[in-house]
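Counting with mature numbering (1 follows the signal peptide of the UniProt record, and there is no 0), you get residues -21 to -1, 1 to 596 for the letters of the sequence shown.
Structure record follows, encoded as structure tokens.
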Amino acid sequence: MASTFGALSTLVALLPAIATSIPLVPRFVSGNGILAAYDYVIIGGGTSGLAVANRLSEDSSKTVLVIESGPIDDGSDSFKIPYLGRGYQNFGTKYDWNVSSVPSELLGNRSIIMPSARVLGGTSSINGMQLAKGSASDYDAWEELGNEGWNFESLGKYFRKSENFTAPSGKLVEEFGITYDSSAHGFTGFIHSSFPRFLWPQLKNWVGAMKSLGHSVSKDPANGGALQLFWSPFSLDPDTQTRSFSREYYDGAQGRPNLHVLLDTTVTKLLTSGDKSVRVDAVEFSSPVGAPKKCVKVKKEAILAAGSIFSPQILQVSGIGPAGLLKSLGIEVVVDLPGVGANLQGHAYNVIVYQMTNVSLGALNLTTNATFYKEMYELYKTKQDGPFTNNGANMVAMLPLSDITSDNLQNLFDAPSKSLSHQDTSISKGYQAQLKILSRRLTTPNMAATEVLWLNEGAMIFSAMHPLSRGTVATTSSSLLAGIPAVDTGHLTHPFDPRIYVETLKYTRKIIATSEMRELGIMEVTPGAGASTDEQIEKAVRDLSNQMYHMTGTCAMMKRELGGVVDKDLRVYGVRNLRVVDASVQPLIPAAHVHSTVYAVAEKAADLIKAGNLWWK
Ligand SMILES: Cc1cc2nc3c(=O)[nH]c(=O)nc-3n(C[C@H](O)[C@H](O)[C@H](O)COP(=O)(O)OP(=O)(O)OC[C@H]3O[C@@H](n4cnc5c(N)ncnc54)[C@H](O)[C@@H]3O)c2cc1C
Ligand SMILES: *[C@@H]1O[C@H](CO)[C@@H](O)[C@H](O)[C@H]1NC(C)=O
Ligand SMILES: *[C@@H]1O[C@H](CO)[C@@H](O)[C@H](O)[C@H]1NC(C)=O
Ligand SMILES: *[C@@H]1O[C@H](CO)[C@@H](O)[C@H](O)[C@H]1NC(C)=O
Ligand SMILES: *[C@@H]1O[C@H](CO)[C@@H](O)[C@H](O)[C@H]1NC(C)=O
Ligand SMILES: *[C@@H]1O[C@H](CO)[C@@H](O)[C@H](O)[C@H]1NC(C)=O
Ligand SMILES: *[C@@H]1O[C@H](CO)[C@@H](O)[C@H](O)[C@H]1NC(C)=O
């Protein structure tokens, strides 16, 4: 195995030049100039990266550098206002990496857009703000997979550490019956967790309908029982009714002279040395993109926080990944690690669109009546109230398998998965271990198989929460700057998943057949009457399904012989001083929108890093 030390020594010689060649403002947003070396270099100033940066820089004797590819956001409404942020106005702008998946025949030959933020604060700056955890079983499954110490109980401390919960107002509790359990929350964290001041009245019809079908309301999703029906909190500042996001970790640490952040700077490679014992000596970057490459030395650790698509790509172009892929692109193999970029899991979703004939005032009026829109915008600007405080799905239904079908689908757990055939045997071993765990847990009432959300405009979104399909992320070039990696979502490649979608769609028809929903004069428009047999529904699902953008798993925390990339201390196998701390380490996606889990994992990661525990020790 080769090292890149030759290239490194040339680059290190250039280091003193960096301090004067990089303008201090705004690219260098903190500190008096970049140092030649830092104790910790964090790659990606996103959701997880800034959380870890804040915690590591609490120790003033340690120097921390964050390198972020994007700029600071411009503070516009599309970032701040919940209703507009939910409209995803930042897709395809300069704040988006513009990722799309490779077209899949199983999705009607479509490619799916996969927005991924390129901005300080990362994807927490543009996401849907839903902040509920998964159920206890979702996290206990991580420990069962071999990750000692990673279970719901022990993660609880870190969920609470990241959070500052504010209970809903008495008015909302009275009118809508919102329930919560304060004892399950934290109150001193950087991320606000609260409820919008306004809810649409039609939500009552949906809640009534779900209760009439026998679903109970869980007191609070934070206490491990995120199942059946529950009120979801949002990453929302309760006073200003604006988005709360990872930038607040940075803002809370801004005065620290030991924390430096480099914006508009793309990491292009990890420079390593050593044979049997590989070490990251420096991080190479281009600032801005296209400028000659420079590098910064790593005294203690390099920390990858570039997200589920880019962390595996950075590893791959640095020679850490599946040897076959690396060799085919002329990349020198530093560590043969087949799991890098494998095990991609996401929540595909489908939307059902309804027409409602008996709604005198609802969310659709915002799109059809410009005067009303203007009035409500003014209401938000002056009083921080009204529909602009609300980003959508307030009451969540997380349903176990037995709620949507009487078949436990046991035969489908044994079906072969097409997507794994070309990968290393360790990957299929790990996948089999996951299947074994899921086949048992998913057939109990303690793990959700499907999620159904009501959108006030007159739509439901539904999604398989524990897909058995797996996708991949693979760089297409030895140069990171040559383009985004190939992302194969793998969606609907395993027969279990389409079955969940078909059964859930049929279930939504039971929901709208209740008297509570009929009162709205509701009628399904899409996919509609053309999708009635199971086959027709499955075709509609394949043609219409999209993404909730919860990509996880591509640098999975699992045993190496199971295709894992990091161990239970989040250390990359085969490298002495490299960890991954972002969504990519989640080995099995939880039945939840994943960013509260990203924060909890990042908080725990910071403690693991502080504890030391490098491979060489
Ligand atoms: C549209 C959308 C809606 C969502 N809605 C929700 C929701 O409602 N609730 C929920 O819980 N989750 C939601 N999610 C998912 C959730 O926001 C993400 O899973 C989470 O924010 C990911 O955090 P991360 O730290 O892994 O990555 P990110 O937050 O994406 O951070 C990665 C950072 O690394 C930077 N980076 C990447 N490559 C490089 C490089 N080479 N050099 C330097 N920097 C680099 C990026 O620019 C980015 O800032 C949504 C996601 C999207 C896209
Ligand atoms: C994404 O596309 C938009 C519009 O085409 C462009 O302005 C932006 O720079 C692109 N972003 C990236 C990271 O390439
Ligand atoms: C997808 O593309 C392939 C190859 O072009 C074609 O054979 C197939 O019929 C297409 N499938 C769909 C559903 O359009
Ligand atoms: C938590 O949020 C409340 C409401 O905005 C705020 O008053 C309080 O200061 C916050 N607590 C911390 C520790 O930031
Ligand atoms: C809202 O839309 C409904 C249906 O189109 C309409 O009857 C009603 O008058 C609208 N109300 C407002 C305030 O625009
Ligand atoms: C549009 O909204 C305004 C303000 O709420 C209302 O007075 C008006 O009747 C609405 N127009 C229609 C066509 O519904
Ligand atoms: C229309 O909705 C109102 C409540 O908003 C309800 O009282 C009425 O019965 C509904 N009409 C029909 C036909 O269901």
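By construction, the Cβ of each residue, glycine as well, lies at the ideal position given by its N, Cα and C atoms.
To which residues does DSSP link residue i through a beta bridge?
i           : result
Phe213      : Gln109, Ser173
Gly543      : Paired residues: none, contrary to the question.
Asp75       : Ala96
Tyr315      : Sequence inspection shows Asp at residue 315; the Tyr mentioned does not correspond to that position. Note: Asp315 sits in a beta bridge opposite Gly300.
residue 599 : The requested residue 599 does not occur in the structure, where the chain is confined to residues -21 to 596.
Ala531      : First, the amino acid is wrong: residue 531 is Thr here, not Ala. Its beta-bridge partners are Gln324.
Lys272      : Ser265
Thr245      : Ser265
Asn329      : Phe441
Leu250      : Ala261
Phe166      : Asn143
Gly450      : Leu323
So what does DSSP say about residue i, is it helix, strand or coil?
i      : result
Asp467 : strand
Arg558 : strand
Asn202 : helix
Ile22  : strand
Ala508 : helix
Trp433 : strand
Glu37  : coil
Asp260 : strand
Lys538 : coil
Ile46  : strand
Gly409 : helix
Gln324 : strand
His239 : strand
Leu378 : strand
Ile293 : helix
Met439 : strand
Tyr552 : coil
Lys279 : strand
Tyr17  : strand
Leu3   : Note that Leu3 scores 31 on pLDDT, short of 50, meaning its location in the model is unreliable; the coordinates nonetheless yield the value given after this. In this structure, Leu3 counts as coil in the three-state DSSP scheme.
Met502 : strand
Asn344 : helix
Ser103 : helix
Below 8 angstroms on the Cβ atoms is my guess for residue i versus residue j; work out the distance and round it to an integer in Å.
i      : j      : result
Val561 : Gly100 : Reading off the sequence shown, one finds Asp at residue 561, where the question assumed Val. Actually they are not in contact, since the Cβ atoms of Asp561 and Gly100 sit about 13 angstroms apart, beyond 8 angstroms.
Gly64  : Ile105 : 7 angstroms
Ala232 : Ala32  : 7 angstroms
Ile516 : Glu503 : About 12 angstroms separates the two Cβ atoms, so there is no contact after all.
Val481 : Asp513 : 5 angstroms
Val196 : Gln207 : 7 angstroms
Asn329 : Phe441 : 6 angstroms
Pro301 : Pro317 : 5 angstroms
Asp382 : Arg176 : Going by Cβ atoms, the distance from Asp382 to Arg176 rounds to 32 angstroms, so no, they are not a contact pair.
For residue i, is the classification buried or exposed, using 16 other Cβ atoms within 10 angstroms of its Cβ as the cut-off for buried?
i      : result
Asn337 : exposed
Lys140 : buried
Leu378 : buried
Lys362 : exposed
Thr368 : buried
Thr167 : exposed
Thr487 : buried
Glu354 : exposed
Lys489 : exposed
Val506 : A small correction: the amino acid at residue 506 is Pro; Val does not occupy that position in the sequence shown. Pro506 should be labelled buried.
Glu430 : buried
Val43  : buried
Gln334 : exposed
Would you verify that the beta carbon of residue i is, or is not, closer than 7 angstroms to some beta carbon of chain B?
i     : result
Val20 : The chain inventory of the structure shown lacks chain B, comprising one protein chain alone.
(request) Take every Cβ of the segment 461 to 475, pair it with every Cβ of the segment 434 to 451, and state whether three or more of those distances are shorter than 8 angstroms. (result) yes
(message) Does the segment 414 to 425 come into contact with the segment 321 to 334, if we say contact requires no fewer than three beta-carbon pairs (one atom in each stretch) closer than 8 angstroms?
(response) no
(message) Count Cβ pairs between the segment 171 to 180 and the segment 74 to 81 that sit closer than 8 angstroms; are there 3 or more?
(response) no
(request) Inspect the CB distances between the segment 552 to 572 and the segment 520 to 532 and report whether three or more fall short of 8 angstroms. (result) yes
(message) Whether or not the segment 381 to 393 and the segment 401 to 419 are in contact is what I'm after, with contact meaning three or more pairs of Cβ atoms, one per stretch, closer than 8 angstroms; do they touch?
(response) yes
(request) Tell me, please, whether the segment 185 to 204 touches the segment 107 to 124 by the rule of three or more beta-carbon pairs shorter than 8 angstroms. (result) yes
(message) Does the segment 148 to 168 come into contact with the segment 120 to 127, if we say contact requires no fewer than three beta-carbon pairs (one atom in each stretch) closer than 8 angstroms?
(response) no
(request) Would you be able to state if there are at least three C-beta pairs under 8 angstroms between the segment 11 to 21 and the segment 272 to 281? (result) yes
(request) Please confirm if the segment 535 to 549 is in contact with the segment 405 to 416, defined as three or more CB-CB distances below 8 angstroms between the two stretches. (result) yes
(request) Report yes or no: do three or more beta-carbon pairs, one from the segment 237 to 249 and one from the segment 260 to 269, lie closer than 8 angstroms? (result) yes
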